[in-house]
Every structure is written in C-alpha cells, then in structure tokens.
Amino acid sequence: MAYGIRLHVWGDRALFTRPEMKVERVSYDVMTPSAARGIVEAIHWKPSIRWVIDRIQVLNPIRFDTIRRNEVSSKISATSARSAMKAQRIEGLVNYVDVDRQQRASMILRDVAYVIEAHFVLTDKAAEGDSVGKHLDIFNRRARKGQCFHTPCFGVREFAADFELLEDGKVARAPHESLIDERDLGWMLHDIDFDDGMTPHFFRASMKSGWIEIPLLQLKGGAR
Amino acid sequence: MTTIANRYEFVYLFDVTNGNPNGDPDAGNLPRLDPETNHGLVTDVCLKRKIRNYVSLEKESEAGHAIYMQEKALLNDQHKKAYEAEGIEPSAKLPKDPQGTQLTQWMCKQFYDIRAFGAVMSTGVNCGQVRGPVQLGFASSIEPVVPMEVSITRMAVTNEKDAEKQKEQRTMGRKHILPYGLYRAHGFISAKLAERTGFSEDDLELLWRSLTSMFEHDRSAARGEMAARKLIVFKHDHPMGNAPAHVLFDAIKVQRAAKDADLPARGFANYEVSIDAARVPSGVTVVERF
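Protein chains in written order, with the numbering used here: chain G, 61 to 284; chain Y, 50 to 339.
Laid out in structure tokens, this is it:
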C-alpha cells in the first residue's frame with residue numbers, strides 16, 4: 061500500500077470491552093480493529109476519508125487486572141432534557157450519584173503496546189481538493205509531532221494512549237516471546253456499521269508472532 | 050465566551066497523610082493498590098467527582114455552572130421535581146438535527162461538567178453524547194504504598210439488641226489509612242473538543258482553581274490530610290499540539306530527595322520534583338500553577 065501508515069501505540073492500561081460482558085466489563089485479550097480505528101481517527105479524520113485497519117501487532121504479554129468503581133446506573137433522557145430546555149430551567153435535570161449508584165468491576169489489560177497498520181480510502185464525501193496525498197501528509201505530520209485532535213485512548217478515555225509514527229520500515233520492537241506461537245483469539249468485534257443501524261460485525265481473530273490480520277469488512281456503505 | 054484555543058497537558062501531584070485517598074469497593078474499602086507493583090491508585094472518576102464538588106461549591110447555582118452528576122448531599126429534595134414529557138412521541142433516539150444539536154448545545158451551556166468532561170444524556174443508543182475536552186488518567190503513587198489497618202472503638206452501640214449482647218457497650222471499627230503517599234495524575238485537554246462543548250478560558254481557569262483547592266473542601270474522617278502539591282501545565286501553541294504527550298510527561302521527574310532516600314517517605318519534603326526544560330520541545334510553554 062502506497063498510502064498506508066504504521067503507528068506504535070502504548071499505555072499502562074486498556075479496556076476493549078467484550079460486548080457480551082459489558083455490565084461487569086471484561087476486555088478482549090487484544091485491541092479490536094474498531095478501537096484501533098478510533099485511535100487513528102483521534103489523530104486525523106475527515107468525512108472525506110475512511111480508515112481501514114489492515115494488521116495489528118501485539119508487542120507485550122497479555123496480562124489482566126481488575127478494578128471496581130462506583131458508577132451511575134442511568135442516564136438522563138433526551139425527553140427530559142428537551143422539556144427542561146423548553147421550560148428554560150434545569151431544576152431536576154440531574155443525576156444523583158449516591159442514589160443511582162452501581163459498583164462495577166472491570167477486567168482490564170495492563171502494560172499494552174501495539175503496532176497498528178492501516179490505510180484510508182476516500183469516501184463519496186470527498187471533494188475535489190481531497191487527494192490521498194494531502195490526508196496522508198496531514199496524518200504523518202501530526203503523528204510525527206505528537207499532534208492530535210483529541211488524546212487517543214485504549215477503549216475508554218481514562219486509559220490514554222501514547223503514540224509514535226513508524227516511518228519507512230522502522231520497527232517498534234520485537235513482540236514478547238510468549239506471542240510467537242499461533243494463538244486463536246476466538247470471535248472478536250471487527251467494527252460497527254453505523255450506516256446500517258449500528259450492526260456489529262465480528263471476525264475470527266488469530267495471532268501469530270503478535271500479528272493479527274484484519275479481514276476486509278463488507279459494510280452497507282462499502283468495504284472497510 | 051471564546052473557547053480555548055490551545056491544547057494542554059498537565060501533571061498533577063497530590064498527597065495524602067494518614068488517610069485513604071480512594072477506597073476499593075472490591076477490597077473492603079482498602080486504599081486502591083496496583084496488585085503488581087503495590088503502587089497506590091486513585092481513579093480518574095474519583096478526581097472528577099472532587100472537581101465537580103468544588104465547582105458546585107464555588108459557583109453554587111450561578112448560571113451556566115450547574116453540575117449534572119450531583120452528589121445528593123449537596124441538594125435538597127425540592128430540586129427533585131417532576132418534569133413532564135412533551136407531547137412528542139417518546140423515542141429512544143435523539144431528535145434529528147437541528148433539534149438534536151440544539152439540545153446538546155443547551156445542555157453544554159448549562160452544565161459545567163458536561164462542558165468539561167462530556168456526558169451521555171439520552172436513553173437511546175449513541176445519541177446525545179458529548180465528549181468533553183478534559184480527559185484524566187488514573188493517578189498512581191510515586192512509590193509503593195503500605196496501607197495500615199487501624200482499629201478504633203466507639204463508646205456506644207447501635208441498638209438495644211447490641212446493648213444486651215455486649216456488656217461493655219462499645220463497638221470496634223476499622224479504618225484503613227496510608228501513612229503517606231504522593232500521587233501523580235496526568236490530564237489532557239483537547240482544544241478541538243472544547244470547540245464543540247464551548248469549554249472557555251474561564252472554564253479552564255475554574256478547572257485549575259478546582260485542582261488547586263478541591264482537597265481543601267473535601268475534608269473527612271476517611272481522607273486524612275490530602276493536599277494538592279503541584280500542578281504543572283504544558284500549553285501547546287498549536288490547537289492540535291506541538292509535541293507528543295509522553296515526551297512532555299517524561300520531562301517531569303519526581304524522585305526521592307537524596308538525603309533520606311532509604312527511609313519510608315512521610316512527607317512531600319521527602320521528594321524532589323524537577324522539570325527538564327531541555328526535553329520540552331519548542332512551541333510548548335511550561336506553566337507551574339503552584
């Protein structure tokens with residue numbers, strides 16, 4: 061791929077929540093393609109491009125940790141917000157955290173590091189001035205300088221992701237020896253089709269030498 | 050009000066003396082510990098709670114500074130008035146734009162914590178959400194901490210049944226404290242997300258103020274003495290930023306002062322904070338708030 065990018069990302073903690081275990085959250089063993097896409101988009105994204113994740117490499121051994129926190133159990137509805145807006149006053153438009161409380165555990169990943177390989181394609185929103193080179197330049201320039209639209213994160217915002225652009229064949233480092241053998245990771249979330257009523261798509265992930273090949277995803281709006 | 054035009058990162062140091070900064074519900078309210086390293090932890094949401102509490106204390110009910118996630122103790126039940134749904138067909142989805150955007154913008158204008166931290170405020174899936182510009186990580190202690198269990202007695206019992214059972218008429222309780230712990234938290238403020246929620250320069254000042262003073266207004270039996278020790282802010286010239294966050298964070302070193310490096314730390318004076326100015330790239334200004 062002429063216009064692919066490679067990004068080294070790492071952090072202390074990560075939580076890529078499994079959709080089947082999200083009340084007491086349990087993380088996938090590795091980063092999902094959709095989380096990787098979120099990281100790349102945090103650095104540069106425009107409606108005229110769509111990021112496609114090609115491969116993810118896991119560099120660190122997979123280790124878990126748990127953390128339990130007090131959380132609120134409900135949200136305020138759009139309807140109540142609307143009626144408060146109409147009435148121009150906000151009394152009652154609050155969540156009481158100590159009444160509406162849940163304690164939830166999360167099983168999170170520790171000390172993660174990945175390499176994301178991705179490219180982008182132009183969408184039908186691309187205007188005349190949108191050339192592939194331009195967006196690639198913007199992305200590379202930002203990633204090189206550590207610039208970002210907002211700080212990227214590993215699954216949830218409290219776990220910030222540090223990043224570094226891997227230029228011209230530069231290698232982050234070798235994956236940990238525990239990752240060399242082929243490993244089946246089971247069915248993992250690939251991404252969510254937002255054009256098709258938030259349909260989740262899954263793929264069978266397997267990892268060898270840390271590499272997870274991400275298949276192309278057939279979305280309603282085109283392949284991703 | 051103009052929204053902020055710069056990206057920021059900050060390193061926030063706070064300490065606890067003879068107290069429990071953040072109890073772990075999984076471990077009988079022991080101070081949170083990283084099981085691998087025994088470093089103490091304070092969650093991001095714990096700090097955000099204190100920021101919210103400080104803002105509602107300072108601003109009371111000043112317009113535009115309401116707090117969306119309230120602690121009930123701060124309010125009375127009068128506020129809990131009913132508000133009726135409108136005649137529009139109830140739907141789990143946020144109304145289509147421009148109504149939806151108006152609604153979100155209005156919420157941002159009224160509530161400080163939505164402007165700063167964002168909020169999920171609809172019952173639908175993925176709608177009416179805002180991401181705020183302010184993002185906090187977990188705070189962890191500079192060195193491993195050792196929690197102590199302190200047994201205490203109460204010279205009374207709760208009810209008659211207990212009174213009959215126990216001749217001495219007193220109860221024993223337990224407290225978990227850390228003799229001392231210095232914690233370091235990292236924060237991120239995105240100028241681009243601030244544009245969307247209207248997080249202004251004034252809001253930013255209020256955030257710095259709350260980080261400065263929030264522990265002063267959060268005294269309790271459990272917390273012991275907690276104090277904000279240092280707030281170092283990195284201001285990027287460019288809204289997207291001029292340097293990677295980790296490079297900036299690496300420029301701040303918190304180490305034990307050499308003279309008593311072998312003894313357990315019992316105060317902030319046991320530590321030295323240094324800023325390696327040479328590692329801060331051009332385009333980034335370091336501001337020591339205190």
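Don't be surprised by glycine CBs; every beta carbon is placed ideally from N, CA and C.
Under the DSSP assignment, Asp211(Y) falls in the alpha helix (DSSP H) whose first and last residues are 209-214.
Annotation for Lys194(G): the continuous alpha helix (DSSP H) segment containing it runs 192-205.
Only buried fits His104(G), as 16 or more other CB atoms lie within 10 angstroms of its CB. For the segment 281-294 of chain Y, the set of positions with a beta-carbon nearer than 7 angstroms to some beta-carbon of chain G reads His287, Met289, Gly290, Asn291, Ala292, Pro293, Ala294 in chain order. Judged by DSSP in its simplified three-state form, Gly98(G) adopts helix. In the DSSP assignment, Thr261(Y) falls within the unbroken alpha helix (DSSP H) covering 250-262. For Val216(G) against Met118(Y), the beta-carbon gap comes to about 17 angstroms, at or over 8 angstroms, which does not count as contact. At a Cβ-Cβ threshold of 7 angstroms, Ile53(Y) and Glu250(Y) count as neighbours.
Rounded to whole angstroms, Arg338(Y) and Lys279(Y) show a C-alpha spacing of 7 angstroms. Counting along the chain, no beta strand (DSSP E) covers Ala165(Y); the unbroken alpha helix (DSSP H) around it starts and ends at 161-166. When 7 angstroms is used as the limit between beta carbons, Met145(G) is near these residues of chain Y: Leu152, Trp155, in chain order.
About 5 angstroms separates the beta carbons of Ser189(Y) and Leu90(Y), which is inside the 8 angstroms limit, making them a contact pair.
With contacts defined by Cβ atoms closer than 7 angstroms, Val303(Y) and Tyr320(Y) form a contacting pair.
Collapsing the DSSP output to three states places Trp105(G) in coil. Assigned with DSSP and collapsed to three states, Met145(G) falls in helix.
Take Asp325(Y), set aside five residues on each side of it, and the residues of its chain with a beta-carbon closer than 6 angstroms to its own are Ala300, in chain order.
Against chain G, a Cβ distance below 7 angstroms from Ala115(Y) picks out Ile150. Burial state of Gln162(G) is exposed, judged by a 10 Å Cβ sphere holding fewer than 16 other Cβ atoms. By the criterion of a C-beta distance shorter than 7 angstroms, Arg315(Y) is surrounded in its chain by Pro228, Tyr229, once the five residues flanking it on both sides are discounted. Looking from the CA of Arg81(Y), the closest CA among Thr92(G), Asn130(G), Arg78(G), Lys268(G) belongs to Asn130(G). When secondary structure is reduced to three states using DSSP, Phe298(Y) falls in the helix class. The three-state reading of DSSP puts His261(G) in strand, counting E and B together. Following the DSSP letters along the chain, one finds Ser200(Y) inside the beta strand (DSSP E) bounded by residues 197-203. For the pair Lys205(G) and Lys194(G), the Cα-to-Cα distance works out to about 17 angstroms. Here the segment 175-187 of chain G makes no contact with the segment 203-219 of chain Y; the two share fewer than three CB pairs at distances below 8 angstroms.
When the Cα atoms are used, Leu106(Y) and Ile272(G) turn out to be separated by approximately 50 angstroms.
Taking a C-beta distance under 7 angstroms as the contact criterion, Met91(G) and Ile65(G) do not qualify as a contact pair. Using a 10 angstroms sphere on the CB of Ala138(G), the tally of other CB atoms reaches 16 or more, which defines it as buried.
Setting aside the 5 residues that flank it on each side, Asp222(G) is surrounded in the same chain by Val69, Trp70, Gly71, each with a C-beta closer than 8 angstroms to its C-beta; the list follows chain order. Annotated three-state conformation of Gly68(Y) is strand, per DSSP. Not flagged as an interface residue toward chain Y: Gly189(G), since no C-beta distance is shorter than 7 angstroms. In terms of CA proximity to Leu62(Y), Ser323(Y) leads the group Arg328(Y), Val333(Y), Ser323(Y). Under the three-state reduction of DSSP output, Gly71(G) falls in the strand class. For Asp309(Y), the secondary structure class from DSSP, reduced to helix, strand or coil, is helix. Glu274(Y) has Thr66(Y) as its beta-bridge partners, per DSSP. For Asp93(Y), the uninterrupted alpha helix (DSSP H) run begins and ends at 93-108, by DSSP.
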